[in-house]
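This report concerns only the one structure given below.
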Amino acid sequence: MSAQPTVTITRVESWLKSEGVGYEVASDGNLLTGFDSCTVSIVDCDSNFLMVLGSWRGEFAAADAPALAAYVDECNSTMYAPRATMGSFDDGVTRLQADVTAFTAEGMSEAQLHGFLDTAFSALLGFYEAVAEDFPSLVTWKGGS
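Going by the working numbering, the sequence shown opens with residue 17, and the numbers climb by one from there.
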């Protein structure tokens, strides 16, 4: 098999543009975009891994944490992707996060890269849609799910 092109943020930007997804480039070079239910960061880790990371917009009280932790455990034990976590941020808020990561050290063809990005976005958005359906009281952004 011939060598595949290196996965770069520029190639990911091309995919986002072709899909009509608005985005911005952060000061660290990562790509940022958002949807009603979540924000998404796309991070190139030294051309070795490409991470698509989502952070759910919903906020929840400490009392809801055990149920969400059980939900995260169940999702991680029954789904291939995304990998779900709960993370605390500098603002003191705990948020539900999910990610899909690809090994990219050997490069990817356009079809492989586009397929990965399609899959990653579908997995993230589908996961957050399921969370909104399963925990409707935690949908705290304007417009609901």
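Note that beta-carbon positions come from the ideal geometry of N, C-alpha and C, so glycine has one too.
From the options, pick the residue whose C-alpha is nearest to that of residue i; which is it?
{"i": "L133", "options": "T117, A146, E145", "result": "T117"}
{"i": "M67", "options": "V28, C54, V37", "result": "V28"}
{"i": "V41", "options": "C54, D52, T26, S53", "result": "T26"}
{"i": "F137", "options": "F51, N46, T22", "result": "F51"}
{"i": "T22", "options": "K158, E126, A139", "result": "E126"}
Using a Cβ-Cβ cutoff of less than 6 Å, which residues in the same chain neighbour residue i once the five nearest sequence positions on both sides are dropped?
{"i": "T101", "result": "Q113"}
{"i": "A121", "result": "N64"}
{"i": "V147", "result": "none"}
{"i": "T49", "result": "V37, Y39, V56"}
Could you name the residues of the same chain whose beta carbon sits closer than 7 Å to that of residue i, not counting the 5 residues immediately before and after it, in chain order?
{"i": "V109", "result": "E75"}
Which residue or residues does DSSP assign as beta-bridge partners of residue i?
{"i": "G123", "result": "Answer is none; G123 lacks a bridge partner."}
{"i": "G70", "result": "V56, A114"}
{"i": "C61", "result": "F65"}
With respect to the alpha helix (DSSP H) encompassing residue i, which residues constitute its N-terminal and C-terminal limits?
{"i": "R27", "result": "25-34"}
{"i": "D42", "result": "Sequence check: residue 42 is Ala here, not Asp. A42 -> no alpha helix (DSSP H), and no H or E assigned at all."}
State the start and end residues of the unbroken beta strand (DSSP E) segment that holds residue i.
{"i": "D52", "result": "Segment: none, D52 is in no beta strand (DSSP E) and carries neither H nor E."}
{"i": "T156", "result": "That residue, T156, is in no beta strand (DSSP E); it is neither H nor E in DSSP."}
Grab me the residues of residue i's own chain with a C-beta within less than 8 Å of its C-beta, minus the 5 sequence neighbours each way, in chain order.
{"i": "S161", "result": "Here the model assigns S161 a pLDDT of 48, short of 50, so the residue's position is not dependable, and the following value carries that caveat. The answer, listed in chain order, is D52, S53, E145, A148, E149, P152, V155."}
{"i": "D80", "result": "F151, L154"}
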